[in-house]
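Under our numbering, the first residue of the sequence shown carries the number 8, and numbering increases by one thereafter.
The beta carbon of each residue, even a glycine, is placed where N, CA and C say it ideally should be.
Fair warning: this is a prediction, and the values are worked out from it, not measured in the lab.
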Amino acid sequence: MKKSIKAAIAASMLVSPAMAANMENPLYLPTAKEFYSKLSNGVMLKVADDSAAHKDKGHDGKVEFPIIRIQEELGYGITDRWAVHGSVQYTHDDDISRTGLSAGRLGTTYRILKMYNGFIWDVYGDLHLGGLGEMRGQYNIAGDQAVAVSTMAQLMAAGMTKEQAAPYALGKALLNAHGVIDYDNYSNGMWGFHFGTKFGKTWNNKLTTSAFVEVLRTFGDDNSRIRIVGDNAPILPGYSTALVLASKGAPSEVTAKFKSTTEVNAGANVFYQMSDRWSGGMWFKYNHHADQGIEEITTQVAPDLEPVKKALEQKLADMNDGFDEYIVGLSVAHQFTEHAQVALYGEYTFDTAHSRSQNGTDAKVEAGVRMNFKF
8 MKKSIKAAIA
18 ASMLVSPAMA
28 ANMENPLYLP
38 TAKEFYSKLS
48 NGVMLKVADD
58 SAAHKDKGHD
68 GKVEFPIIRI
78 QEELGYGITD
88 RWAVHGSVQY
98 THDDDISRTG
108 LSAGRLGTTY
118 RILKMYNGFI
128 WDVYGDLHLG
138 GLGEMRGQYN
148 IAGDQAVAVS
158 TMAQLMAAGM
168 TKEQAAPYAL
178 GKALLNAHGV
188 IDYDNYSNGM
198 WGFHFGTKFG
208 KTWNNKLTTS
218 AFVEVLRTFG
228 DDNSRIRIVG
238 DNAPILPGYS
248 TALVLASKGA
258 PSEVTAKFKS
268 TTEVNAGANV
278 FYQMSDRWSG
288 GMWFKYNHHA
298 DQGIEEITTQ
308 VAPDLEPVKK
318 ALEQKLADMN
328 DGFDEYIVGL
338 SVAHQFTEHA
348 QVALYGEYTF
358 DTAHSRSQNG
368 TDAKVEAGVR
378 MNFKF
């Protein structure tokens with residue numbers, strides 16, 4: 008009889024531990040027919056690093072603040088082990104005139120294991136919603152002045168007049184053109200899939216440790232719209248990149264087919280239930296963002312601009328704009344009612360960025376509040 012009572016008590020603790028319903032727990036999964044919402048409102052500060060892209064824009068070392076970040080995550084438990092969920096994130100940064108959907112997912116999680124000793128193992132798959140909006144931006148292009156001047160001097164030394172040499176020199180300057188994109192939004196214009204797994208263990212219904220790893224595969228397409236703006240600085244007396252492009256009938260904007268990418272995210276969490284009302288957590292995340300690249304500029308151009316188009320395709324085949332993020336975070340949460348919880352969180356991000364990346368920072372910090380509800 009005593010053994011039966013002990014077994015029943017142990018079973019009830021495993022089925023419904025005190026913090027199983029805590030939505031800040033990294034292993035939280037809604038029970039059957041349970042709906043949840045997590046609404047995060049954050050403010051970020053960034054200090055741009057001295058990458059070549061930031062220098063080209065005159066933005067190296069500049070402070071971006073406040074950057075507003077809002078994220079909504081919704082989910083529903085189909086069974087106690089199977090849930091569907093989706094999330095969207097909106098970011099607004101006035102300092103670089105960039106705004107829009109910065110993250111989006113729609114997917115499902117299945118709990119493969121839920122063992123008596125507190126060990127849990129989940130697998131999940133999410134549709135990457137980057138294709139909901141096109142990638143938009145402005146490509147500021149400048150011809151190579153040094154090449155133009157050098158070519159001009161060589162042709163004039165060979166007997167050409169200034170008027171005869173100028174078209175050749177300007178054409179060669181365009182073949183060596185360089186530029187940087189000012190992004191209007193955060194969408195990469197591509198659809199894709201996240202595949203991941205998460206596992207962890209709970210001790211004494213108070214301490215939970217967990218880890219996850221996931222892969223994101225995007226599928227390249229030409230869901231983009233890029234305005235082409237020539238630089239007005241002279242590359243030869245009386246000629247600028249803007250003037251040469253206009254004279255050759257360059258389109259005001261183009262679409263480009265971007266290459267597919269593979270990215271990896273991983274992380275670990277520690278969560279502690281201090282009381283029925285209070286809990287806290289800390290985490291580390293690693294995000295690898297791949298270099299982007301253009302396979303083809305799909306917009307038709309005038310015959311005179313075909314060599315320039317091909318040169319730009321070669322130059323942008325590997326944009327060398329990848330970056331890696333190392334994120335550390337802390338949170339504290341208070342359970343107001345059985346159905347409502349509020350958490351305060353903060354994150355600091357260290358990163359390493361490639362030379363053409365516009366995402367490298369000397370400092371990046373975010374703080375915010377998250378409101379959790381379940382029904």
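Please go through the same chain and pick out, in chain order, the residues whose beta-carbon is closer than 8 Å to the beta-carbon of residue i, but skip the five residues on each side of it.
{"i": "GLU41", "result": "TYR83, GLY84, LYS381, PHE382"}
{"i": "ASN366", "result": "HIS296, ASP328, PHE330, ASP358, ALA360"}
Out of curiosity, what's the CA-to-CA distance linking residue i and residue j?
{"i": "TYR246", "j": "ALA253", "result": "11 Å"}
{"i": "ILE235", "j": "ARG284", "result": "56 Å"}
{"i": "HIS296", "j": "LEU162", "result": "45 Å"}
{"i": "PHE226", "j": "THR38", "result": "34 Å"}
{"i": "VAL50", "j": "PRO310", "result": "49 Å"}
{"i": "THR306", "j": "VAL261", "result": "5 Å"}
{"i": "THR168", "j": "ALA153", "result": "19 Å"}
{"i": "ALA318", "j": "ALA374", "result": "44 Å"}
{"i": "VAL277", "j": "TYR293", "result": "15 Å"}
{"i": "ARG224", "j": "PRO241", "result": "43 Å"}
{"i": "MET142", "j": "SER194", "result": "5 Å"}
{"i": "LEU34", "j": "GLY93", "result": "16 Å"}
{"i": "VAL91", "j": "SER109", "result": "21 Å"}
{"i": "GLY6", "j": "ALA176", "result": "It is not possible to answer for residue 6, since the shown part of the chain is limited to 8 through 382."}
{"i": "GLY65", "j": "ILE188", "result": "13 Å"}
{"i": "ASP369", "j": "GLY353", "result": "17 Å"}
{"i": "GLN321", "j": "GLY300", "result": "10 Å"}
{"i": "THR216", "j": "ALA275", "result": "8 Å"}
What do you get for residue i, buried or exposed, if any count of 16 or more other CB atoms within 10 angstroms of its CB means buried?
{"i": "VAL70", "result": "exposed"}
{"i": "ASN48", "result": "exposed"}
{"i": "MET281", "result": "exposed"}
{"i": "LEU120", "result": "exposed"}
{"i": "TYR43", "result": "buried"}
{"i": "GLY111", "result": "buried"}
{"i": "MET197", "result": "buried"}
{"i": "ALA180", "result": "buried"}
Which residues in the same chain have their Cβ closer than 6 Å to the Cβ of residue i, if we skip the five residues on either side of it in sequence?
{"i": "PHE206", "result": "TRP128"}
{"i": "ASP102", "result": "GLU71"}
{"i": "LEU46", "result": "GLU79, MET378"}
Just confirm the distance between the C-beta atoms of residue i and residue j, as a whole number of angstroms; I'd bet it's less than 8 Å.
{"i": "THR204", "j": "VAL130", "result": "5 Å"}
{"i": "PHE200", "j": "GLY132", "result": "7 Å"}
{"i": "LYS266", "j": "ASP228", "result": "Wrong, their Cβ atoms sit about 10 Å apart, outside the cutoff."}
Spatial neighbours of residue i within its chain, please: CB distance less than 7 Å, with the 5 preceding and 5 following residues excluded, ordered by chain position.
{"i": "ASP100", "result": "GLU71, ILE74, THR106"}
Is there a C-beta anywhere in chain B that falls below 8 Å from the one on residue i?
{"i": "GLY150", "result": "Among the chains in the structure shown there is no chain B, since it carries only a single protein chain."}
Going residue by residue through the segment 296 to 378, where are the continuous alpha helix (DSSP H) segments of at least 4 residues, counting only ones entirely within it? 313 to 322
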